[in-house]
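Asker:
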Amino acid sequence: DLRPLDILSEVVPAGRLASSMRVFQVQGVRGFQLATSRPRALGFPASRLFVHCDCFPEEFSIIVTLRVLSVPTKRNEYIFTLMAEESPGMLVGLHYSLNKFHFLFWSQERAGGWQTRVTFPNVSLSDNQWHTLVLAVSGQSFSLTVDCGVPKDVVTETPFPASLSVKRANFYLGNRRRRKGVFTGLLRQLVLLPGADATPRICTAENFKEVTLSVPAVLQDLPAKLASNEVLKYPYETDTKVTLGSPPPCTKQEKAQFWFNASRRGLYLCNGSTWISMLEVKQRLDYVEEYQNLVTNSETMGVEVFTIPKVGLFAATANRYTPPGSAIYKWTDGKFVPYQNIPTYQAQSWKYFTIGKKIFLAVANFEQDDRGQEFSVIYKWSRRKEKFVTYQRITTHSARDWEAFVIEGEAFLAVVNHREGNNHNIDSVIYRWNPRTGLFEANQTIPTSGAYDWEFFTIGPYSFLAVANTFNGTSTKIYSHIYIWLSGSFQLFQSVLTFGAADWEVFRIGERVFLAVANSHSYDSRMPAPSNFYAINSSIYELNITAQMFVKFQDLLTYSALDWEFFSVGDDSFLVVANSFDGFTFSVNSIIYRWQGYEGFVAAHHLPTVGCRDWEAFHTAEGSYLLYSSAKEPLSKVLKLKTT
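Residues in the sequence shown are numbered from 21 upward in steps of one, following the numbering used here.
1) Spell out a yes or no on whether the stretch 588 to 605 and the stretch 630 to 637 are touching, meaning 3 or more CB-CB pairs, one atom from each, closer than 8 Å.
2) Using a threshold of 9 Å, state whether the C-beta atoms of Ser558 and Asp575 are closer than that.
3) So what does DSSP say about Gln464, is it helix, strand or coil?
4) On the DSSP letters alone, give me the boundaries of the beta strand (DSSP E) that Leu22 sits inside.
5) If you draw a straight line from the C-alpha of Asp390 to the C-alpha of Val533, how long is it?
6) Three Cβ pairs or more, each shorter than 8 Å: is that satisfied between the stretch 420 to 431 and the stretch 400 to 412?
7) Where does Phe393 sit, in a helix, a strand or coil, going by DSSP?
8) Would Tyr482 count as contacting chain C if we go by Cβ distances under 9 Å?
9) Pairing CB atoms from the stretch 603 to 614 with CB atoms from the stretch 291 to 301, are three or more of them under 8 Å?
10) Could you name the residues of the same chain whose beta carbon sits closer than 6 Å to that of Leu563, not counting the 5 residues immediately before and after it, in chain order?
11) Look at the alpha carbon of Glu461 and the alpha carbon of Pro329, and state the distance between them as a whole number of angstroms.
12) Along the chain, where does the beta strand (DSSP E) containing Glu585 start, and where does it finish?
13) Looking only at its chain, what residues have a beta carbon closer than 6 Å to the beta carbon of His625, apart from the 5 residues adjacent to it on each side?
14) Suppose contacts are defined by Cβ-Cβ distances below 9 Å. Is Ile99 in contact with Leu89 by that definition?
15) Going by Cα to Cα distance, which pick from Ser107, Pro24 and Ser448 is closest to Thr415?
16) So, under 8 Å CB-CB, Ser656 and Leu314 are touching, yes? Tell me the CB distance rounded to an integer number of Å.
17) Exposed or buried, which one is Ile560 when buried takes at least 16 other CB atoms within 10 Å?
18) Using three-state DSSP, classify Gly493 as helix, strand or coil.
19) Roughly how many angstroms separate the alpha carbons of Ala335 and Lys272, rounded to a whole number?
20) Compute the Euclidean distance between the alpha carbons of Trp505 and Ser469, then round it to the nearest angstrom.
21) Counting C-beta neighbours from all protein chains within 10 Å, is the total for Asn142 16 or more, i.e. buried, or is it exposed?
22) Is the stretch 451 to 458 close to the stretch 491 to 509, with three or more CB pairs under 8 Å?
23) Applying the 10 Å Cβ sphere with the 16-neighbour rule, what's the burial state of Ala623?
24) Which one or two residues does DSSP pair with Lys187 in a beta bridge?
25) Quick check: what's the CA-CA separation for Leu212 versus Gln47?
26) State the Cα-Cα distance for the pair Arg4 and Leu118, rounded to the nearest angstrom.
27) Rounded to whole angstroms, what is the Cα-Cα separation between Val71 and Thr219?
28) List the residues that DSSP assigns as beta-bridge partners of Pro141.
29) If you reduce the DSSP assignment to three classes, tell me which class Ala66 lands in.
30) What does the alpha-carbon distance come out to for the pair Arg439 and Gly286?
31) Measure the C-alpha to C-alpha separation of Gly194 and Trp279 and round it to an integer number of angstroms.
32) Would you identify the three-state DSSP class for Ser12, choosing helix, strand or coil?
33) First and last residue of the alpha helix (DSSP H) that includes Pro220?
34) What separation, rounded to the nearest whole angstrom, lies between the Cα atoms of Phe573 and Thr232?
35) Report the partner residues of Cys665 according to the DSSP bridge assignment.
36) Looking only at its own chain, which residues have a Cβ that is under 8 Å from the Cβ of Arg68, when we skip the five neighbours before and after it?
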């Protein structure tokens, strides 16, 4: 009636993996890889196995299923040991060396006791294959069966002790309580079967190498197909093939295997017939080339690039004059081509957003219409007409920007009101979507000063809204504010001194969160005029979690900066600034800065621009691009990022 004692399962906490163990799948079979840094973490008291008796059984079998890596000539690796707490000696242990397998035990028949080693020669395990071994012990007889082959029998002068005490002893998996000799292969099964030779029970299956008597649940096979909402309870890693030549075969035998192409740096998955790309080759930005001159209706104050699912890629330009108003372009055959004209009144910017299945595009109008009415307009995409049609008009005051966002499942739309007449100190408004009426309704007002831009972002569970204040009527040296959503409204979180702030750009690099401000000019009617109003630092701030605030990270010299745009190419991160005027000319270089880690952002590319107002980064199947709008000529440009 004696049951198998699963040594391996004792090291695996119920329902989760130990931090010192990883699961690998090789040749369709899963096993544990053991950490070498903390050997004692892979131990447990012997009393957990031997509940009713403090002695190791006199007759028993040990069943091991493992996959051994190549072993150096002079190295021993331990599969398991049983050691007393006070003694460095081994009570029982299994280890192997090159072409040899060893069983060790402690005999106390003589004064002081000694350790006996039983060696089985010509046991080759280091072939990167799975093997199942059965060691049967009875008195002076020791028998080792590998993969149900011919048993290797050894008879020793010293018998295994009839009463080996395991009081205050511990099992250690894959080590002897030290880092030296730690098991480096994969271990799938380690079972102690008291009182019997387990060979007849093991050697009945067709695949002897993978037969199991008792295997931890973590390593057991999963159902062939998971339910759609089911995830792996126990994640595991699997083997890969690394080649520098042509792709290896992909047949039913290789199905679900990964292949890593070292020369192309690509990871592929075999679906049973072909290799499917799982990860693209990381690219690096080499240089930027002019790709398309986009002739616009008039000078362009802002541009918005967006994708309508199943329709295509679009760019909306916010143009100065009416007529002819602003335009929407569609990406066709690798170029932007005119798609739709929309009447606007000195439009400043567009904002694309969705609510459920509804698709919207909002324009910020700076001037009154022909009837003397001043409002900005939200347009809705008509799937029947495949055009944007007027949906809702909202009264605004020299609107500069819209920002759309969602908080706790509710949709919001915030407008930046720049001024009313000559008064720059007015309220900007946040609107909430009313799903019952299908309209945006005023929800909160926030005092702003000649504001230019809203920027919404989230950090963990918290939502933030930053406003770029530009001019209070006498000075551009004023505070811009960051608000946090608390108890159903935005409340002041932090104030940052800015100089004619025209734009905020939030971005993340790894776990770090940054916020960049574009400062346009330094002017104060109460102070002497500086030598150059427009050559001024723009600043990058980083969130300091400990201080719970954004702190200055880096200053970059800019020339009447009006916009920042963050983008990535491969593993590299970039910021491009819209420099618009240097105090003498609108023909001034805008600059792409590359993230250099400790050095921060470093200038990498200088791009000739004319009155640059806005940047947009976008990607297509053909590559990565930048689009910039000019506020001084009816010509915007598409630049292509050339990568290597």
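For each residue, glycine too, the CB sits at the ideal point set by N, CA and C.
Answerer: Looking at the coordinates:
1) When C-beta atoms of the stretch 588 to 605 are compared with those of the stretch 630 to 637, three or more pairs fall below 8 Å, so the two segments count as touching.
2) yes
3) strand
4) Element bounds for Leu22: n/a, residue is neither H nor E.
5) 45 Å
6) no
7) The question names Phe, but residue 393 in the sequence shown is Gln. It is coil, neither helix nor strand.
8) Going by chain labels, chain C is absent from the structure shown, which holds only one protein chain.
9) Short answer: they don't touch.
10) Excluding its 5 nearest sequence neighbours in each direction, Leu563 has C-beta neighbours in its own chain below 6 Å: Val533 and Phe570, listed in chain order.
11) 27 Å
12) Run containing Glu585: Ala581 to Val589, per the beta strand (DSSP E) assignment.
13) Val308 and Ile612
14) No.
15) Ser448
16) 4 Å
17) buried
18) coil
19) The straight-line gap from Cα to Cα measures roughly 46 Å.
20) Distance between the alpha carbons of Trp505 and Ser469 is about 21 Å.
21) exposed
22) no
23) exposed
24) As DSSP reads the structure, Lys187 sits in no beta bridge.
25) Rounded to whole angstroms, Leu212 to Gln47 spans 26 Å at the Cα level.
26) The question about residue 4 has no answer here: the residues shown for the chain are numbered 21 through 664.
27) 25 Å
28) Lys120
29) When secondary structure is reduced to three states using DSSP, Ala66 falls in the helix class.
30) Each residue's Cα considered, the two are about 54 Å apart.
31) 30 Å
32) For residue 12 there is no data in the structure shown, the boundaries of the chain being 21 and 664.
33) Thr219 to Ile222
34) Using only the alpha carbons, I get a separation of about 58 Å.
35) Only positions 21 to 664 of the chain appear in this structure, which leaves residue 665 out of reach.
36) Glu30
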